[in-house]
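Enquirer: Have a look at this one.
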Amino acid sequence: MKKEKSLLLGAVLVLLIGMGSTIYVHSIEAKTDKIEVNGKAYTIDQIFLIAEYRTLKLSNGNFSGIALDDFIRKIGIPNYKDKKYTFVGADGYQKTVEWKDLEKGILLKDRKVVFSHLPKQYWVKDIVKIEVVE
Amino acid sequence: MNKIIRLATGALLFGSIWGFSECIVGDYLRSANLPAGAILTGIFAVGLMSASRILYQQPGMQLGMGAIAALMRAFNPFGACILCASIAIFAEAVVFELIWLRLSNDIMRKPHISASTGIITAYTCFAIGCVVTQVLTPLVATSGFYVENLLAFLPQILSRGLIPALLGGIVLPVASILTKVDISKIRSSLYYPATLAISALLWLAIALA
Chain A
0 MKKEKSLLLG AVLVLLIGMG STIYVHSIEA KTDKIEVNGK AYTIDQIFLI
50 AEYRTLKLSN GNFSGIALDD FIRKIGIPNY KDKKYTFVGA DGYQKTVEWK
100 DLEKGILLKD RKVVFSHLPK QYWVKDIVKI EVVE
Chain B
0 MNKIIRLATG ALLFGSIWGF SECIVGDYLR SANLPAGAIL TGIFAVGLMS
50 ASRILYQQPG MQLGMGAIAA LMRAFNPFGA CILCASIAIF AEAVVFELIW
100 LRLSNDIMRK PHISASTGII TAYTCFAIGC VVTQVLTPLV ATSGFYVENL
150 LAFLPQILSR GLIPALLGGI VLPVASILTK VDISKIRSSL YYPATLAISA
200 LLWLAIALA
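Quick mapping for you: the protein sequence lines, in order, are chains A and B. FYI, numbering that gives the first Met the number 0 numbers position 60 of the first sequence as 59, with every residue one higher than the one before it. FYI, numbering that gives the first Met the number 0 numbers position 169 of the second sequence as 168, with every residue one higher than the one before it.
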């Protein structure tokens, strides 16, 4: 009887955690059409005017966007090769990569990053911020 | 001895079905933009592990199933991080074993208890599977693991676990119908050829996919 009560209580708790987290995730979702890079906000069109294009030919299709390394180089980040870069999505999901990864990465028009050599886990969607980490 | 062989072939069959669903069904779900991970855990992983546990009533068997499913996933060429997916599958089997350590078929006969167990099992398997993948993939990808990235993703993991939890709450009461089935009564002349033939077919399908 005690085990049955614990299971019922556990299930209710699990559902409450799930629902609470869902409400929290939706409440923190950023609604912006700009991408903040090292404290400065850019529209996706501005970014596409700054950096050169790159196409990645992957097993699941071709992806075209702007070269991430070229973009970072052109916006004047000092010592950019020694920094790390955290890509933050509108839903709070984030991934940190190194300069060598940016050299094989692109930003798509729909604000998604794609890396040719990294797992899909790194393909952050709806980018709202690129943090430059020391 | 006969019991051990029966358990091993049972683990091979259920593990192969699980691995097959992870590889083939998962691929279709992703193509259809459906929450593949949530559906695979809530329906296939929890459904198959609980069905086999109810049928064979043998703790530890699901760990073997997980190893077989993970091995099949490792053979499958689809997906970006095959090793991580395999480890996540095995992690789900470990979590299942821990949750079901002190559970018996008797309490599974009550629908509200089996539903509660399904909710807890599916949610925990999914959440821990996600965490394991989030930790291991960056290490395998040589990009390094950053704990702040995991912490930022935790609310989403806890949120996304809701779908498998609800699915688990439906799947387990359905699987608990198997409490009325006595697997040991199936004749050996039928049991072994059937389990081995189905398992072989599933592995062949994966090899040819």
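Every residue, glycine too, gets a C-beta built ideally from N, C-alpha and C.
What residues from the segment 20-36 of chain A come within 7 Å of chain B, judged by C-beta to C-beta, listed N to C?
Expert: Residues SER20, THR21, TYR23 and VAL24.
Enquirer: Between GLN56(B) and chain A, is there a C-beta pair that is closer than 8 Å?
Expert: As a working note, residue 56(B) is residue 57 in the second sequence. Answer no: the Cβ-Cβ gap between GLN56(B) and chain A never drops below 8 Å.
Enquirer: Where does LEU102(B) land, buried or exposed, given buried means 16+ other C-beta within 10 angstroms?
Expert: The residue labelled residue 102(B) in the question sits at position 103 within the second sequence. Answer is buried; the Cβ neighbour count reaches 16.
Enquirer: Going by DSSP, what residue range makes up the beta strand (DSSP E) through LYS155(B)?
Expert: Residue numbering aside, residue 155(B) sits at position 156 when the second sequence is read from its first letter. It should be noted that the sequence gives Gln, not Lys, for residue 155(B). Element bounds for GLN155(B): not the beta strand (DSSP E) but the alpha helix (DSSP H), 146-159.
Enquirer: Taking only beta carbons into account, state which residues of the segment 144-161 of chain B come closer than 7 Å to chain A, listed in chain order.
Expert: Correct list: TYR145, ASN148, ALA151, PHE152, PRO154, GLN155, LEU157, SER158, GLY160 and LEU161.
Enquirer: If contact means a Cβ-Cβ distance below 7 Å, which residues of the segment 116-134 of chain B contact chain A?
Expert: Cβ contacts with chain A come from THR116, ILE118, ILE119 and TYR122.
Enquirer: So, does the CB of ILE88(B) fall closer than 8 Å to a CB anywhere in chain A?
Expert: Stepping through the second sequence from its first residue, residue 88(B) is reached at position 89. Taking Cβ atoms only, chain A never reaches closer than 8 Å to ILE88(B), which makes this a no.
Enquirer: For the alpha helix (DSSP H) containing ILE106(B), list its first residue and its last residue.
Expert: Within the second sequence, the letter at position 107 stands for residue 106(B). Start and end: 104-107.
Enquirer: Expressed to the nearest angstrom, what Euclidean distance is found between the alpha-carbon atoms of MET18(A) and SER26(A)?
Expert: On the first sequence, residue 18(A) is found 19 positions in, with the first residue counted as 1. On the first sequence, residue 26(A) is found 27 positions in, with the first residue counted as 1. C-alpha separation (whole angstroms): 12 Å.
Enquirer: Name the chain A residues whose beta carbon is nearer than 7 Å to that of ILE112(B)?
Expert: What you label residue 112(B) is simply residue 113 of the second sequence in a count that begins at 1. Within chain A, the residues near ILE112(B) are GLU3 and LEU6.
Enquirer: Using 10 angstroms around the beta-carbon of MET134(A), count the other beta-carbons present and answer buried if the total reaches 16, otherwise exposed.
Expert: Because chain A spans 0 through 133 in this model, residue 134(A) falls outside it and cannot be assessed.
Enquirer: Out of curiosity, what's the CA-to-CA distance linking LYS73(A) and THR54(A)?
Expert: Position 74 of the first sequence, counted from the first residue, corresponds to residue 73(A). Position 55 of the first sequence, counted from the first residue, corresponds to residue 54(A). C-alpha separation (whole angstroms): 19 Å.
Enquirer: Relative to the alpha-carbon of SER15(B), which residue among GLN56(B), ALA121(B) and LEU195(B) has its alpha-carbon at the smallest distance?
Expert: Working through the second sequence from its first residue, we reach residue 15(B) at position 16. The residue with the shortest Cα to Cα distance from SER15(B) is LEU195(B).
Enquirer: Measuring CB to CB, does ILE127(B) end up less than 8 Å from VAL94(B)?
Expert: Working through the second sequence from its first residue, we reach residue 127(B) at position 128. Working through the second sequence from its first residue, we reach residue 94(B) at position 95. A contact, by the Cβ cut-off of 8 Å.
Enquirer: Give every residue of the same chain whose Cβ lies closer than 7 Å to the Cβ of SER115(A), excluding the five residues on either side of it in the sequence, and list them in chain order.
Expert: What you label residue 115(A) is simply residue 116 of the first sequence in a count that begins at 1. Counting only Cβ-Cβ distances below 7 Å, and skipping sequence neighbours, we find LEU55, LEU57 and LYS103.
Enquirer: Considering only residues of the same chain and omitting the five flanking positions on each side of LYS124(A), which have a CB-CB separation below 6 Å?
Expert: The sequence position of residue 124(A) within the first sequence is 125, counting from 1. Cβ within range, chain order: GLY88 and LYS111.
Enquirer: Can you pull the chain A neighbours of ALA164(B), defined as C-beta to C-beta under 7 Å?
Expert: Start at 1 with the first residue of the second sequence, and residue 164(B) comes out as number 165. VAL13, LEU14 and GLY17, listed in chain order.
Enquirer: Name, going along the chain, the residues of the segment 90-104 of chain A whose beta-carbon falls closer than 7 Å to a beta-carbon of chain B.
Expert: Result list: ASP90, GLY91, TYR92, GLN93, LYS94, THR95, VAL96, GLU97 and ASP100.
Enquirer: Decide yes or no for the touch test of the segment 109-127 of chain B against the segment 153-164 of chain B: beta carbon pairs closer than 8 Å, at least 3 of them.
Expert: Touching, per the Cβ criterion.
Enquirer: Does the CB of ALA73(B) have a neighbour CB from chain A at under 8 Å?
Expert: What you label residue 73(B) is simply residue 74 of the second sequence in a count that begins at 1. Answer no: the Cβ-Cβ gap between ALA73(B) and chain A never drops below 8 Å.
Enquirer: DSSP on SER58(A), reduced to helix/strand/coil?
Expert: The sequence position of residue 58(A) within the first sequence is 59, counting from 1. Three-state result, SER58(A): coil.
Enquirer: Please confirm if the segment 93-100 of chain A is in contact with the segment 73-84 of chain A, defined as three or more CB-CB distances below 8 Å between the two stretches.
Expert: Touching, yes, given that three or more Cβ pairs across the two stretches are closer than 8 Å.
Enquirer: Quick one, are the C-beta atoms of GLN120(A) and THR136(B) less than 8 Å apart?
Expert: Against the first sequence, residue 120(A) aligns to sequence position 121. Against the second sequence, residue 136(B) aligns to sequence position 137. For GLN120(A) and THR136(B), yes; Cβs fall inside 8 Å.
Enquirer: Is THR40(B) close to chain A? Criterion is C-beta to C-beta, closer than 8 Å.
Expert: On the second sequence, residue 40(B) is found 41 positions in, with the first residue counted as 1. It does not: the Cβ of THR40(B) has no partner Cβ on chain A nearer than 8 Å.
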